[in-house]
Amino acid sequence: MNIQDIIYARRSIRQYQDKPVEREKIELLLKAAMAAPTAMNSKPWEFVVVTQVETLDKIRSALMFGKFNAPAAIVVCSNTSLLRRPMASKFWVQDCSAATQNILLSAVGLGLGTVWLGVHPIHVYKKRISEILSLPIYVEPLNVIYIGYPADQKAGRTQYDSSRVHWETFD
Ligand SMILES: Cc1cc2nc3c(=O)[nH]c(=O)nc-3n(C[C@H](O)[C@H](O)[C@H](O)COP(=O)(O)O)c2cc1C
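Under our numbering, read the sequence shown as residues 212 to 382, first letter to last.
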């Protein structure tokens, strides 16, 4: 698949096969994540990989819109103690989102399905996820990415809409 096809093929998968994800594949996803651009190359990211059923069950309970049967999750976080430069510290959401999208796209190439579950900026979700994963106070969760072999087929697509494109100026 070329990159355009991979981008179209990425869809949110909410049903997974009862099959674990190989550690090597998770490591490839993390390598893709850490290839992302970050403001001032600050790389504020931290990634918590979860495969234990008890922890996944707790995450499912914590997130109202995350009750899916994935066998693995990567929780993308920002380590605010690494963000000493005031300008860089403002961009951690974008930095960690770019890393997240790399994981989602890389997963397609590995035959894996994913779904991004929003955590930040919902205070109660951040608190619950931080407690479940014993995150230190200076580590903030952005999202949970569920990962697994898909049990659901979704057609690839763009959502291209020319009316939302403005060439040179808005009008
Ligand atoms: C910031 C963000 C938060 C999201 N949170 C959730 C969520 O909590 N639960 C969920 O099932 N999907 C979540 N999604 C996935 C979106 O629902 C999904 O991307 C959108 O419906 C488009 O579908 P697609 O991913 O198949 O293209 C989230 C996506 C983003 C970018």
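All C-beta atoms, glycine included, are put in the ideal place defined by N, C-alpha and C.
- In the DSSP annotation of this structure, the continuous segment of the beta strand (DSSP E) that includes residue 327 starts and ends at 324-329.
- Straight across, the Cα-Cα distance linking residue 321 with residue 291 is about 31 Å.
- The stretch 318-336 makes no contact with the stretch 255-265, as fewer than three CB pairs between them are under 8 Å.
- Ranked by Cα distance from residue 225, the options 378, 338 and 355 are led by 355.
- Measuring C-alpha to C-alpha distances from residue 353 to each of 311, 215 and 254 identifies 311 as the nearest.
- Sixteen is the threshold: since fewer than 16 other Cβ atoms of the shown chains lie within 10 Å of the Cβ of residue 265, the residue is exposed.
- Exclusion of residue 303 from the 7 Å shell around ligand 1 follows from its C-beta lying no nearer than that to any non-hydrogen atom of the ligand.
- If you ignore the 5 residues before and after residue 274, its C-beta comes within less than 7 Å of the C-beta of 328, 336 and 355, all in its own chain and listed in chain order.
- Residues 321 and 323 of the same chain have their beta carbon placed closer than 7 Å to that of residue 236, with the five preceding and five following residues left out of the count.
- In this structure, DSSP gives residue 224 a state outside helix and strand, which the three-state scheme calls coil.
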